[in-house]
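Enquirer: Sharing a structure below in structure tokens format, with a few things to ask.
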Amino acid sequence: MNSKHQYVELNDGHFIPGLGFGTVKPQEVPNSKTIEATKIAIEAGFRHIDCAYVYQVEEEVGLAVRSKIADGTVKREDIFYTSKLWSTFHHPNLVQSCLERSLKKLRFDYVDLYLIHFPTAMKPGEELYPKDENGKVICDSLDLCATWEAMEKCKDAGLAKSIGVSNFNRRQLEMILNKPGLKYKPVCNQVECHVYLNQRKLLDFCKSKDIVLVAYGALGTQRYKGWVDQNSPVLLDDAVLGALAKKHKRSPALIALRYQLQRGVVVLAQSLKENEIKENIQVFDFELTEEDMKVLDGLNRNFRYVIMESMSNHPNYPFADEY
723 MNSKHQYVEL NDGHFIPGLG FGTVKPQEVP NSKTIEATKI AIEAGFRHID
773 CAYVYQVEEE VGLAVRSKIA DGTVKREDIF YTSKLWSTFH HPNLVQSCLE
823 RSLKKLRFDY VDLYLIHFPT AMKPGEELYP KDENGKVICD SLDLCATWEA
873 MEKCKDAGLA KSIGVSNFNR RQLEMILNKP GLKYKPVCNQ VECHVYLNQR
923 KLLDFCKSKD IVLVAYGALG TQRYKGWVDQ NSPVLLDDAV LGALAKKHKR
973 SPALIALRYQ LQRGVVVLAQ SLKENEIKEN IQVFDFELTE EDMKVLDGLN
1023 RNFRYVIMES MSNHPNYPFA DEY
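In this text, residue positions in the sequence shown follow my numbering: the first is 723, and each later residue adds one.
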């Protein structure tokens, strides 16, 4: 294991690096940028790569990882790779086929972690976002527990070493945890989490169930137009983050990432810029004081950047509950 990283043990005995590299990007950015950025990330020391079927860059990420294996920078087992089951594949008989599509694009034999991306099943088919004439997503009514059983089969088949969920609220997590005949607990719940949405209640709940919280949007997201209201506050411009950055002679981004690590949260950092990618890995070189942590806790305002408006009519829409 790379000593530079803080590793977190999952409830199935596997270890996940505490810092991950996110690969979601807007459509208008060419996919070649992802190849370049992923190579830079691996060279800089990132060993945890977070991707998903719906990001439509798994071919590029796989290419970047394989090229870094080929040149001797890493071995496949050094890389912790996460992919996610998309909502149009929730049918139990489709779950494995979605993972197999990802593996084929990546040219990998397995993924380290496979997540249910959203608890909201959609109409199966090749369209990623099947919509009705009013622009609302066409829902599929499916039992999440049935989807989870198919996830368990992917683990048993050796296609995924660990399995978990993403964007689930407490109620949805409990549904899985209380499922009769549960074979594997979710190892993690990947959710939006940053100083404006610190997810304290969800984090406490997950810790009580030995489920790791993985934070996306930890830097206030990349503010992509399709997903984020452009009038929302810019997290990294926050004066409190700025003051702590000065105090520690670090960037506001590093303060925001360090905050998560010290709370026991696995955190994803995403950028396509070489200088930012190289800077983000330096999160292990300093520590925030207890007082700093309290100050950062005080920034919470339950503010969500990614609200997935198009899914808000879904009976399993996760963000209507308090947590």
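Glycine residues also receive a C-beta, built at the ideal position from the N, C-alpha and C atoms.
For A868 and C876, which I take to be in contact (beta-carbon distance under 8 Å), what is that distance rounded to the nearest angstrom?
Expert: Counting from 1 along the sequence shown, the entry for residue 868 is found at position 146. Counting from 1 along the sequence shown, the entry for residue 876 is found at position 154. That belief does not hold up - the Cβ atoms of A868 and C876 are roughly 14 Å apart, past 8 Å.
Enquirer: Tell me, please, whether the segment 735 to 752 touches the segment 981 to 995 by the rule of three or more beta-carbon pairs shorter than 8 Å.
Expert: yes
Enquirer: Taking all protein chains shown into account, decide if T804 is buried (16 or more other Cβ within 10 angstroms of its Cβ) or exposed.
Expert: Here residue 804 refers to the residue found at position 82 of the sequence shown. T804 is buried by the Cβ-count criterion.
Enquirer: Would you call the segment 845 to 852 and the segment 795 to 811 in contact, with 3 or more CB pairs under 8 Å?
Expert: yes
Enquirer: Work out the CA separation of Q1004 and G939 for me, nearest whole Å.
Expert: Residue 939 sits at position 217 when you count from the first residue of the sequence shown. Residue 1004 sits at position 282 when you count from the first residue of the sequence shown. Each residue's alpha carbon lies about 18 Å from the other.
Enquirer: Excluding the five sequence neighbours on either side, which residues of its own chain have a C-beta within less than 6 Å of the C-beta of N753, listed in chain order?
Expert: On the sequence shown, residue 753 is found 31 positions in, with the first residue counted as 1. Listed in chain order, the non-local C-beta contacts of N753 below 6 Å within the same chain comprise V779, E782, local neighbours out to five positions each way being set aside.
Enquirer: Taking the CB atoms as reference points, tell me whether L837 and V787 lie closer together than 8 Å.
Expert: Working through the sequence shown from its first residue, we reach residue 837 at position 115. Working through the sequence shown from its first residue, we reach residue 787 at position 65. Not closer than 8 Å, so no.
Enquirer: Can you give the Cα-Cα distance for S725 and K901, rounded to whole angstroms?
Expert: Numbered from its first residue, the sequence shown carries residue 725 at position 3. Numbered from its first residue, the sequence shown carries residue 901 at position 179. Residue placement at S725 cannot be trusted, given a pLDDT of 45 that sits under 50; the coordinates are not used to answer.
Enquirer: Identify the residues that DSSP records as bridge partners of I838: which are they?
Expert: Taking the first residue of the sequence shown as 1, we reach residue 838 at position 116. In the DSSP output, where bridge partners are listed per residue, I838 has L807, V887.
Enquirer: If you reduce the DSSP assignment to three classes, tell me which class E750 lands in.
Expert: On the sequence shown, residue 750 is found 28 positions in, with the first residue counted as 1. DSSP places E750 in coil when its eight states are reduced to three.
Enquirer: Who are the near neighbours of P841 in its chain, counting only those whose CB is closer than 7 Å to its CB and skipping five residues on each side?
Expert: The sequence position of residue 841 within the sequence shown is 119, counting from 1. Cβ neighbours of P841 beyond the five flanking positions: L866, N889, F890, Q894, N1038, P1040.
Enquirer: Tell me the DSSP secondary structure of H916 in three-state form.
Expert: Position 194 of the sequence shown, counted from the start, is the residue given in the question as residue 916. It is a strand residue.
Enquirer: Just verifying my parser: in three-state terms, what is the DSSP assignment at V796?
Expert: Looking up residue 796 in the sequence shown gives position 74. Coil.
Enquirer: Looking only at C-alpha atoms, which of L1021, S954, V936 sits nearest to V730?
Expert: Within the sequence shown, residue 730 is the residue found at index 8, counting from 1. Nearest option by C-alpha distance: V936.
Enquirer: Where does S725 fall in DSSP's three states?
Expert: Numbered from 1 along the sequence shown, position 3 holds the residue referred to as residue 725. With a pLDDT of 45 at S725, under the threshold of 50, the modelled position of this residue cannot be trusted, and the question is left open.
Enquirer: Name the DSSP bridge partner or partners of C867?
Expert: Within the sequence shown, numbered from 1, the residue matching residue 867 stands at position 145. None, per the DSSP bridge assignment.
Enquirer: Leaving out five residues on either side along the sequence, give the residues of the same chain with a beta carbon under 6 Å from the beta carbon of H736.
Expert: Counted from its first residue, the sequence shown places residue 736 at position 14. Here the set comprises K883, S884.
Enquirer: Where does D878 fall in DSSP's three states?
Expert: Here the question's residue 878 lines up with position 156 in the sequence shown. Helix at D878.
Enquirer: Buried or exposed for T795, going by 16 or more other Cβ atoms inside 10 Å?
Expert: Within the sequence shown, the letter at position 73 stands for residue 795. Exposed.
Enquirer: To which residues of the same chain is R1023 closer than 7 Å at the C-beta, ignoring the five residues directly before and after it?
Expert: For the purposes of this step, residue 1023 is identified with residue 301 of the sequence shown, where counting begins at 1. Taken in chain order, the residues that qualify are Y918.
Enquirer: Do you know offhand how far R922's Cα is from A961's?
Expert: Here the question's residue 922 lines up with position 200 in the sequence shown. Here the question's residue 961 lines up with position 239 in the sequence shown. So the alpha carbons of these two residues sit roughly 22 Å apart.
Enquirer: Looking at the structure shown, is D772 part of a helix, part of a strand, or coil, going by DSSP?
Expert: Looking up residue 772 in the sequence shown gives position 50. Note: D772 maps to strand in three-state DSSP.
Enquirer: Using a 10 Å radius around the Cβ and a threshold of 16 neighbouring Cβ atoms, would you call L941 buried or exposed?
Expert: If you number the sequence shown from 1, residue 941 lands on position 219. By the 10 Å Cβ count, L941 comes out buried.
Enquirer: Can you check DSSP and say which residues form a bridge with E731?
Expert: Position 9 of the sequence shown, counted from the first residue, corresponds to residue 731. DSSP lists F737 as partners of E731.
Enquirer: Within 10 Å of its beta-carbon, does K797 have 16 or more other beta-carbons around it, so buried, or fewer, so exposed?
Expert: For this step, residue 797 is matched to residue 75 along the sequence shown. With fewer than 16 Cβ atoms within 10 Å of its Cβ, K797 is classed as exposed.
Enquirer: Give the DSSP-derived three-state secondary structure of N856 in the structure shown.
Expert: As a position in the sequence shown, residue 856 is number 134, starting the count at 1. Coil.
Enquirer: List, from N- to C-terminal side, the beta strand (DSSP E) runs of 3 residues or more that fit wholly inside the segment 938 to 979.
Expert: none
Enquirer: Taking only three categories from DSSP, how would you classify A991?
Expert: Start at 1 with the first residue of the sequence shown, and residue 991 comes out as number 269. In this structure, A991 counts as strand in the three-state DSSP scheme.
Enquirer: Given S1032, which residues of its chain have a CB within under 6 Å of its CB, disregarding the five upstream and five downstream residues?
Expert: Along the sequence shown, one-based indexing puts residue 1032 at 310. So the qualifying residues of the chain are V859.
Enquirer: Can you list, in chain order, the residues of its chain with a C-beta nearer than 8 Å to that of M723? Leave out the 5 residues immediately preceding and following it.
Expert: Your numbering for residue 723 matches position 1 in the sequence shown. Legend: pLDDT at M723 = 45, less than 50; position of this residue unreliable, no value from coordinates given.
Enquirer: With I771 and I801 assumed to form a contact (beta carbons below 8 Å), what rounded beta-carbon distance in angstroms separates them?
Expert: For the purposes of this step, residue 771 is identified with residue 49 of the sequence shown, where counting begins at 1. For the purposes of this step, residue 801 is identified with residue 79 of the sequence shown, where counting begins at 1. Indeed, because the Cβ distance is near 6 Å, the residues count as touching under 8 Å.
Enquirer: Mind checking D1014: buried by the 16 CB within 10 Å criterion, or exposed?
Expert: The residue labelled residue 1014 in the question sits at position 292 within the sequence shown. When all chains shown are included, D1014 counts as buried.
Enquirer: Using DSSP with H/G/I as helix, E/B as strand and the rest coil, what is F802?
Expert: Reading the sequence shown from its first residue, position 80 is the one you call residue 802. Of the three classes helix, strand and coil, the one that applies to F802 here is strand, per DSSP.
Enquirer: Can you check which of these residues, W949, G857, I977, is closest to D959 by C-alpha distance?
Expert: Position 237 of the sequence shown, counted from the start, is the residue given in the question as residue 959. It is I977.
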